[in-house]
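Q: Numbering (full-length UniProt numbering), first residue to last: 1 to 403.
In structure tokens form, the structure reads like this:
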């Protein structure tokens, strides 16, 4: 099983490729939660994710013959970029198989770091199957995204940095996909400071680790469904699971809505961009998915920042909806001059900002002397939305809230 000495040995090879990332106190999230919150900004890592650490450590340990043959891996994006950069730095040829659904930004980034990219399969597991075919066909070394002790050791260097920078830490919160990150971090943290609590966080739609711990054996989900593509893995690793079972104190789940809310808050209040997986630890803290004491020193690891811009737009909108800051509603007006002005007067009086209006006289579901109106509005929170809807209904409008 992975041990602290393995992680200490990884520090030097990892430092040749990866950077030591900041650990900073957050006044905003401390005030919101009552905990003493410090954020580990692994989203500022080279390639935008912690994954480069494990890739660098694994590739540094290749034999001369393995270096000559090259490496192959499968990844949804972050591990792909880590392997591409680490391999290029080491002068090793790399092929990366990515799911056909991988964000185009991550595909382009992986190619820009020097790897050949092949798109295959609908998810990580199908991409992995194709990568293993290439492993055999071309006699390349397979660099697993998480189920490899050298990879886990590289990820564990985060835990070493964290405890060195904040010896008073009480709880470390880590996103969990296949378990490589939390396995490495838990080994480092528990090895240096055994009393520190380690909490793992999964998306509800990809909760194989939580399910495996509950059943006491490795289980695999039939499918995964979450906006946090970095932790959208069907099953925990055979090597990572025993480490998690022995050294991780708890594994909790969060919803996609909670992840979206944390991502938006990090953008707006923390001035930092993270992907869904990177927002999951803060989401768990904000949603009180695990218990913590007032003033407890808690460190959520913001594991990556490689979010697809199309997904980011959707996530931001979802987050605004959940906070009551964006609504879309529909009503029907009499088709007469001034009817729309009367409606807009109420919106103006209620200080709702209008994004868009669609005015439709042709909808067959409304009377011939009526027009359907859909409005997209910027609002100031749930109380504001409730007050606005009450005002409209008091004025005689039948209003449907669409989002």
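C-beta: ideal position from N, C-alpha, C; glycine also. Here the structure is a predicted model, which is why all the values come from computation and not from measurement.
Kindly confirm or deny that the stretch 272-287 and the stretch 248-259 touch, where touching means at least three C-beta pairs closer than 8 Å.
A: yes
Q: Excluding the five sequence neighbours on either side, which residues of its own chain have a C-beta within less than 6 Å of the C-beta of residue 44, listed in chain order?
A: 21
Q: Below 7 Å CB to CB, which residues in the same chain sit around residue 405 once its five sequence neighbours on both sides are set aside?
A: Coverage of the chain is limited to positions 1 through 403, which leaves residue 405 absent and any answer about it impossible.
Q: Suppose you measure from the CA of residue 404 to the CA of residue 11; what does that come to, to the nearest Å?
A: Outside the modelled stretch of the chain, which goes from 1 to 403, sits residue 404, for which no answer is possible.
Q: Once you ignore the five residues that flank residue 372 on each side, which residues in its own chain have a CB closer than 7 Å to its CB?
A: In the same chain as residue 372, and ignoring 5 residues on each side of it, the C-beta atoms closer than 7 Å to its own belong to 330, 332, 360, 363 and 366, in chain order.
Q: Please report the Cβ distance between residue 77 and residue 98, rounded to the nearest whole angstrom; I am assuming they are in contact, meaning their Cβ atoms lie under 8 Å.
A: 7 Å
Q: Between residue 41 and residue 348, what straight-line distance do the alpha-carbon atoms span, to the nearest angstrom?
A: Their Cα atoms are separated by approximately 41 Å.
Q: Answer yes or no: do residue 304 and residue 278 have a C-beta to C-beta separation smaller than 7 Å?
A: At a Cβ-Cβ threshold of 7 Å, residue 304 and residue 278 count as neighbours.
Q: Tell me whether residue 51 is buried or exposed, calling it buried when 16 or more other Cβ atoms sit within 10 Å of its Cβ.
A: buried
Q: What is the DSSP secondary structure of residue 311, counted as helix, strand or coil?
A: Here residue 311 sits in helix by DSSP.
Q: Should residue 264 and residue 316 be called a contact, given that it needs their Cβ atoms to be closer than 7 Å?
A: Yes, the pair counts as a contact, with Cβ atoms nearer than the cut-off.
Q: Contact criterion: CB-CB distance below 7 Å. Does residue 390 meet it with respect to chain D?
A: The structure shown contains no chain D, having only a single protein chain.
Q: Are residue 301 and residue 174 closer than 7 Å when you measure CB to CB?
A: yes
Q: Use the C-beta contact count for residue 25: other C-beta atoms within 10 angstroms, 16 or more gives buried, fewer gives exposed.
A: exposed
Q: Let me make sure I understand the geometry here. Which of 228, 246, 226 and 375 has the alpha-carbon closest to that of residue 213?
A: The residue with the shortest Cα to Cα distance from residue 213 is 246.
Q: Could you tell me how far apart the beta carbons of residue 147 and residue 239 are, in whole angstroms, since I believe they sit closer than 8 Å?
A: 5 Å
Q: Which stretch, first to last residue, makes up the beta strand (DSSP E) that contains residue 330?
A: 326-334
Q: Which whole runs of the beta strand (DSSP E) in the stretch 127-209 are 3 residues long or more, in chain order?
A: Taking 3 residues as the shortest admissible run, the stretch 127-209 contains the following complete beta strand (DSSP E) segments, listed from N- to C-terminal end: 171-175 and 197-203.
Q: Closer than 6 Å by C-beta to residue 186: which residues in its own chain qualify, once you throw out the five before and the five after it? Chain order, please.
A: 198, 247 and 248
Q: Who are the Cβ neighbours of residue 325 in its own chain at under 8 Å, not counting the five residues just before and after it?
A: 378, 379, 380 and 381
Q: What is the residue span of the alpha helix (DSSP H) that residue 119 lies within?
A: Residue 119 -> not in any alpha helix (DSSP H); beta strand (DSSP E) instead, spanning 116-119.
Q: Do three or more CB pairs link the stretch 154-170 to the stretch 201-218 at distances below 8 Å?
A: no
Q: Among 59, 115 and 314, which one has its Cα closest to the Cα of residue 154?
A: 59
Q: Along the beta strand (DSSP E) that carries residue 40, what are the first and last residues, could you check?
A: Residues 36-41.
Q: Just the C-alpha distance for residue 74 and residue 353, rounded to the nearest angstrom, thanks.
A: So the alpha carbons of these two residues sit roughly 46 Å apart.
Q: Return the CA-CA distance between residue 139 and residue 66, expressed in angstroms with no decimal places.
A: 9 Å
Q: Tell me the residue span of the beta strand (DSSP E) that contains residue 281.
A: Run containing residue 281: none in the beta strand (DSSP E); it sits in the alpha helix (DSSP H), 276-286.
Q: Please report the distance separating the alpha-carbon of residue 256 from that of residue 262.
A: 10 Å
Q: Identify, in the order they occur along the chain, each residue of the same chain with its Cβ nearer than 6 Å to the Cβ of residue 374, setting aside the five sequence neighbours on each side.
A: 330 and 358
Q: In the DSSP output, what is residue 24 paired with across the bridge?
A: 39
Q: Which residues mark the beginning and the end of the alpha helix (DSSP H) in which residue 57 is found?
A: 51-60
Q: For residue 33 and residue 57, what's the separation of their Cα atoms in angstroms?
A: Roughly 36 Å separates the two Cα atoms.
Q: In three-state DSSP terms, what is residue 300?
A: strand
Q: Nearest-angstrom Cα distance between residue 137 and residue 271?
A: 46 Å
Q: Which complete alpha helix (DSSP H) runs does the stretch 206-279 hold, if anything under 4 residues is left out?
A: 208-215, 240-247 and 256-268
Q: Relative to the alpha-carbon of residue 160, which residue among 113, 191, 134 and 133 has its alpha-carbon at the smallest distance?
A: 191
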